[in-house]
Amino acid sequence: MSFVLLKDYGWYIATGAIVAYLSYKAFTVDDLKTRRKKLSSRRENERLKRADYYRSASEAKSSKTSRRLRQRNTSSLENLPFFTSAPSPTPYDYDTRSSAEAKSYISSLVPRIEGGGPPFVPDSLKLAISIARVQNRPLFVFLEAPAADVTAQFAEEIFRSIGLTQFLASNFVCWAGTLRDAGVAEGYNLAKNLGVQATSESVLAILEIASDSREGKNKQKCQVRVLAMDTASFRSPEHVLQWAITAQDAWKHNVSKKRAEASRRHIVNEQNQEYEQALFRDEQQLEREKAQKLRIHQEHTAKAAAEKKEQLERNRRKVLRESFPKEPEAGGDGVVEIRFLFPDGITRAVRRFKLDEPAQILLEFLDSQEILDSDGKLIPTSKLRLVTRYPRKVISITPSRTIRQSNFSGPCVLCVEENLVPL
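Take the sequence shown: its position 231, counting from 1, is numbered 572 in this note's numbering, and each next residue is one higher.
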């Protein structure tokens, strides 16, 4: 039976087995490739994260180290007496002696240099720093060690270079001092504050001078940062020139960075100022809108109150008209017809009264009528008065008198006028 099945259906069975095997391999290979890709991608991401972490840690460490160095240089230099305007015990005597010492040293240095050398400031370091700050240039400092044998050779061979001298003169403020330990030797004090341990070798330094904007106007404190510093061991003027050019490039980079920061602060300040002005304008607009809404609300409230009061007054007069005594018949004994001309000159009212009635009924009749002014508003009865036409005469109504006693014996016309003074 099995042989018959294989003989008749063997081809189909073999074909199905091959197709199943190939499908299994295809799906298995695709899944394996996908898993391998995911694994390699995860490994690459982990490697990049580790690299970013190590790079960030290295940058933070170098930044912290450079910041400590800058703080050490700046804080050490700020201890010098000439970096602040704080008065010393004898400021005039100190400035005079330091200036005299500097002039004496530079006058002895210049003759030893062929051509005169760089244009050293023939005065104290404080003045040189002030000049560098005003001219916005770095300060080139030469500190000579009198005990060194190479100093004279360095001064004669290096500073006599015309190219170096011209470069220093056009790009720096130059100052020279001595490393001799003396009470007024600014060069020696500067070297100690710069961190120079041994004063047996001459020192070259390039300093950046900047005003401290955090201080007030009365405390003009300087910040001094070391751009470059080395001993006088250069082999040729070209080496000194290259060293000075590198320091100048660093100074220019710092200046451009400070300018960019100042420009950014200026832009931020302008934006903040514009924002505050816009905020102030918006607040003013809101105040105006609030005041306008309050005024409109008050006007509407007052108008509604006036309309309500006027409506109440109209209702009162309507009730008064309805309850007014009945008008006597025409032609009867003791009856008089009176015409009333209202303030608008158009509206009229006619009514008959008994002569024996009190004269006060005339005012009560006016109180029951809707007498309007030019704006269409009701005129209070207390502001009305009766006036005869010819001759013009204001009628005084006395409650105790009758109409006959008030001289109304026959038909007449009375003008109703608005009186500024209530009756």
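Using N, Cα and C, we set each Cβ at its ideal position, and we do this for glycine too. Being a predicted model, the structure only gives us computed values, none of them experimental.
Under 9 Å between C-beta atoms of residue i and residue j
{"i": "Thr722", "j": "Leu703", "result": "no"}
{"i": "Val677", "j": "Glu670", "result": "no"}
{"i": "Ile470", "j": "Phe461", "result": "no"}
{"i": "Phe308", "j": "Pro459", "result": "Outside the shown range of the chain, which is 342 to 764, sits residue 308, and nothing can be said about it."}
{"i": "Cys753", "j": "Leu682", "result": "no"}
{"i": "Ala588", "j": "Ala619", "result": "no"}
{"i": "Glu549", "j": "Ser465", "result": "no"}
{"i": "Val767", "j": "Leu545", "result": "Coverage of the chain is limited to positions 342 through 764, which leaves residue 767 absent and any answer about it impossible."}
{"i": "Ser750", "j": "Thr739", "result": "no"}
{"i": "Asp697", "j": "Arg730", "result": "no"}
{"i": "Trp584", "j": "Pro479", "result": "no"}
Residue i - containing alpha helix (DSSP H), residue span
{"i": "Leu661", "result": "Pro578 to Glu663"}
{"i": "Ile475", "result": "The identity of residue 475 in the sequence shown is Val, whereas the question assumes Ile. Residues Leu466 to Gln476."}
{"i": "Glu527", "result": "Glu527 to Leu535"}
Three-state secondary structure assigned by DSSP to residue i
{"i": "Phe500", "result": "coil"}
{"i": "Trp352", "result": "helix"}
{"i": "Val361", "result": "According to the sequence as given, residue 361 is Ala; it is not Val. Three-state result, Ala361: helix."}
{"i": "Pro432", "result": "Because the pLDDT at Pro432 is just 36, under 50, the model does not fix this residue reliably, and the value given afterwards should be weighed accordingly. Three-state result, Pro432: helix."}
{"i": "Asn414", "result": "With a pLDDT of 48 at Asn414, under the threshold of 50, the predicted position of this residue should be treated as unreliable, though the coordinate-derived value follows. Three-state result, Asn414: helix."}
{"i": "Ile547", "result": "strand"}
{"i": "Glu759", "result": "strand"}
{"i": "Thr572", "result": "strand"}
{"i": "Gln538", "result": "coil"}
{"i": "Arg566", "result": "strand"}
{"i": "Thr743", "result": "strand"}
{"i": "Lys734", "result": "strand"}
Span of the beta strand (DSSP E) around residue i
{"i": "Lys695", "result": "Arg689 to Lys695"}
{"i": "Gly518", "result": "Val514 to Thr519"}
{"i": "Phe681", "result": "Val676 to Leu682"}
{"i": "Phe706", "result": "That residue, Phe706, is in no beta strand (DSSP E); its alpha helix (DSSP H) goes Gln701 to Asp708."}
{"i": "Thr729", "result": "Leu725 to Thr729"}
{"i": "Phe461", "result": "It is not in any beta strand (DSSP E) - Phe461 carries neither H nor E in the DSSP assignment."}
{"i": "Val482", "result": "Leu480 to Glu485"}
Integer Cβ distance of residue i from residue j, believed to fall under 8 Å
{"i": "Pro684", "j": "Thr743", "result": "The pair is not a contact, with the Cβ atoms about 27 Å apart (cut-off 8 Å)."}
{"i": "Val728", "j": "Glu705", "result": "In fact, because the Cβ distance is near 18 Å, the residues do not count as touching under 8 Å."}
{"i": "Ala443", "j": "Pro463", "result": "7 Å"}
Using 8 Å as the Cβ pair cut-off and three pairs as the minimum, do the region 535 to 548 and the region 476 to 489 touch?
yes
Is it a yes or a no for the region 637 to 644 touching the region 655 to 663, going by three-plus beta-carbon pairs under 8 Å?
For the pair of segments examined, the region 637 to 644 was found not to touch the region 655 to 663: the number of CB pairs separated by less than 8 Å stays below three.
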